[in-house]
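Using our numbering, read the sequence shown as starting at 492 and increasing by one per residue.
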Amino acid sequence: MKYRSLGNSNLEVSEIGIGGNTFGRANDLDKTKEILSAAFSLGINTVDTADIYGGNGTSEKYVGEALKENRNEWIIMTKFGAPNIPGNNPHTTLTPSATKEYIDYAIDASLKRLQVNYIDVYQVHFPHEMVPSEETMSALNELVKAGKVRHVGCSNYKVWHMVQSQHVAKQNNFAPFISSQPPYSLVDRRVEKEHLPACEQYGIGIIPYSPLASGFLTGKYQKNEPAPKGSRFETTSTAGYATRFINDRNFDILDKLNIFANNKGAKLSHVSLRWLLEQKQVSTIIAGVTSIDQLKDNVQAAKLVLSKDELEELDKITK
Ligand SMILES: NC(=O)c1ccc[n+]([C@@H]2O[C@H](COP(=O)([O-])OP(=O)(O)OC[C@H]3O[C@@H](n4cnc5c(N)ncnc54)[C@H](OP(=O)(O)O)[C@@H]3O)[C@@H](O)[C@H]2O)c1
Numbered sequence: 492m493k494y495r496s497l498g499n500s501n502l503e504v505s506e507i508g509i510g511g512n513t514f515g516r517a518n519d520l521d522k523t524k525e526i527l528s529a530a531f532s533l534g535i536n537t538v539d540t541a542d543i544y545g546g547n548g549t550s551e552k553y554v555g556e557a558l559k560e561n562r563n564e565w566i567i568m569t570k571f572g573a574p575n576i577p578g579n580n581p582h583t584t585l586t587p588s589a590t591k592e593y594i595d596y597a598i599d600a601s602l603k604r605l606q607v608n609y610i611d612v613y614q615v616h617f618p619h620e621m622v623p624s625e626e627t628m629s630a631l632n633e634l635v636k637a638g639k640v641r642h643v644g645c646s647n648y649k650v651w652h653m654v655q656s657q658h659v660a661k662q663n664n665f666a667p668f669i670s671s672q673p674p675y676s677l678v679d680r681r682v683e684k685e686h687l688p689a690c691e692q693y694g695i696g697i698i699p700y701s702p703l704a705s706g707f708l709t710g711k712y713q714k715n716e717p718a719p720k721g722s723r724f725e726t727t728s729t730a731g732y733a734t735r736f737i738n739d740r741n742f743d744i745l746d747k748l749n750i751f752a753n754n755k756g757a758k759l760s761h762v763s764l765r766w767l768l769e770q771k772q773v774s775t776i777i778a779g780v781t782s783i784d785q786l787k788d789n790v791q792a793a794k795l796v797l798s799k800d801e802l803e804e805l806d807k808i809t810k
């Protein structure tokens, strides 16, 4: 396993990390423990979760339970402020936001669920553009000063908002964002136009989410065929998200990517993850998994070598 700095911070994240939105859904507590233990043995030191994953904070609870013996060996990233899912948060009447009041509530709830004294990267899950950036960045800075959080990051932010936040941080000597978590994969390259260059300019590391397009980039979904049994898009709770990735445009790209992977003698998922690791500012890949085999498979992806010509070909296929 190789490690990279997360943006301008001193955090050394593993190239392959692990996403936590399967914990408390596809993976129960025992399976979460097995997966995180196997991940650690493979050199993975970075896990991403959120207060909403698994419902009622379950993903954070499972991560906390699984990592309590070796918490300091891990970089734990979590998030707050996603729109409320009914029943997600029975403990507060506050509406999820990026206000000081909400942040002060959310951090203590996450620390408790995770059974930790500090969070390595505390991310604003979704932007709240009506809340002044001064208020959000100041409240996050207070958490850093209190030792509850080491670094702060954002997710799903527009470029203007991210840049504004960095300027507010600089002017006031607040902790800046060191990371941004946008959707980014071979079938979703929207961030390349403006988001990535801004991250480079402002020392922000990219944590691409849905790096395998929720499994689409493993090749498990076939055109005009039902989703395979047990796969993410076969289960009723996630079937609604399928069209985000499973559509004609993406199947056209997939055909070409399959030819590329076959010619190279490589797995499509490995090509997809290695390609992301070749992109500027990408720090760690947080694919989620539902088995240890998938985890091991994703770790193998980092070893694939893509030549300059191959990267150009992938660029042409997916631009
Ligand atoms: N900030 C945000 O708004 C946001 C949004 C979404 C996700 N995220 C973060 O990003 C992480 C990853 O995103 P994601 O879960 O949406 O998508 P993903 O990582 O692209 O896809 C994960 C799914 O693909 C399948 N898979 C993974 N590795 C595989 C392999 N080697 N072979 C075959 N199938 C494999 C598994 O599903 P099945 O086995 O069920 O088919 C797995 O649950 C999340 O856990 C979360 O931490 C953040």
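All residues carry an ideal CB built from backbone N, CA and C; glycine is no exception. Values in this document were obtained by computation on a predicted structure and should not be read as measured data.
Residue range of the unbroken beta strand (DSSP E) whose run includes residue i
i	result
Lys755	Per DSSP, Lys755 belongs to no beta strand (DSSP E); it is in the alpha helix (DSSP H), 739-755.
Tyr494	494-496
Ser505	503-505
Ile783	Ile783 -> not in any beta strand (DSSP E); alpha helix (DSSP H) instead, spanning 783-792.
Ser588	That residue, Ser588, is in no beta strand (DSSP E); it is neither H nor E in DSSP.
Gln671	Inspection of the sequence shows that residue 671 is occupied by Ser rather than by Gln. Note, Ser671: beta strand (DSSP E), 668-672.
Lys570	566-571
Closer than 8 angstroms: residue i CB and nearest ligand 1 heavy atom
i	result
Ala589	no
Ala541	yes
Asp505	For the record, residue 505 in the displayed sequence is Ser; it is not Asp. No, the beta carbon of Ser505 sits no closer than 8 angstroms to any heavy atom of ligand 1.
Gln770	no
Phe724	yes
Lys794	no
Thr583	no
Pro574	no
Ser500	no
Leu703	yes
Pro674	yes
Ala517	yes
Ser760	yes
Tyr544	yes
Thr513	yes
Ser774	no
Tyr593	no
Leu708	yes
Asp806	no
Lys570	yes
Thr537	no
Tyr700	yes
Ala778	yes
Asn789	yes
Ser782	yes
Gly548	no
Gly510	yes
Ser601	no
Residue-level contact to chain D via CB, residue i, 9 angstroms cutoff
i	result
Ile594	Among the chains in the structure shown there is no chain D, since it carries only a single protein chain.
Expected contact under 8 angstroms - CB spacing of residue i and residue j to nearest Å
i	j	result
Ala541	Thr569	6 angstroms
Thr775	Leu602	So it is not a contact: roughly 22 angstroms between Cβ atoms.
Lys711	Ile808	No, Lys711 and Ile808 are not in contact; Cβ-Cβ is about 19 angstroms, not under 8 angstroms.
Pro574	Phe531	Actually they are not in contact, since the Cβ atoms of Pro574 and Phe531 sit about 32 angstroms apart, beyond 8 angstroms.
Met621	Ser656	Not a contact, Cβ separation roughly 14 angstroms.
Val538	Leu520	Not quite, the Cβ-Cβ distance comes to about 15 angstroms (not below 8 angstroms), so this is no contact.
Ser662	Ile698	Ser is not the amino acid found at residue 662; the sequence shown has Gln there. Contact flag wrong, Cβ pair sits at about 26 angstroms.
Start and end residues, alpha helix (DSSP H) containing residue i
i	result
Gln606	Counting along the chain, Gln606 falls outside any alpha helix (DSSP H), and DSSP gives it neither H nor E.
Thr734	733-736
Val659	650-663
Ile808	799-809
Thr549	549-558
Val762	759-768
Inside the stretch 616-640 only - alpha helix (DSSP H) runs reaching at least 4 residues
Counting whole runs of 4 or more residues, the stretch 616-640 contains the alpha helix (DSSP H) stretches 624-636.
Ignoring anything shorter than 4 residues or poking outside the stretch 678-713, list the alpha helix (DSSP H) runs there in chain order.
686-692
4-residue-minimum alpha helix (DSSP H) runs that sit fully inside the stretch 501-540, ordered along the chain
520-532
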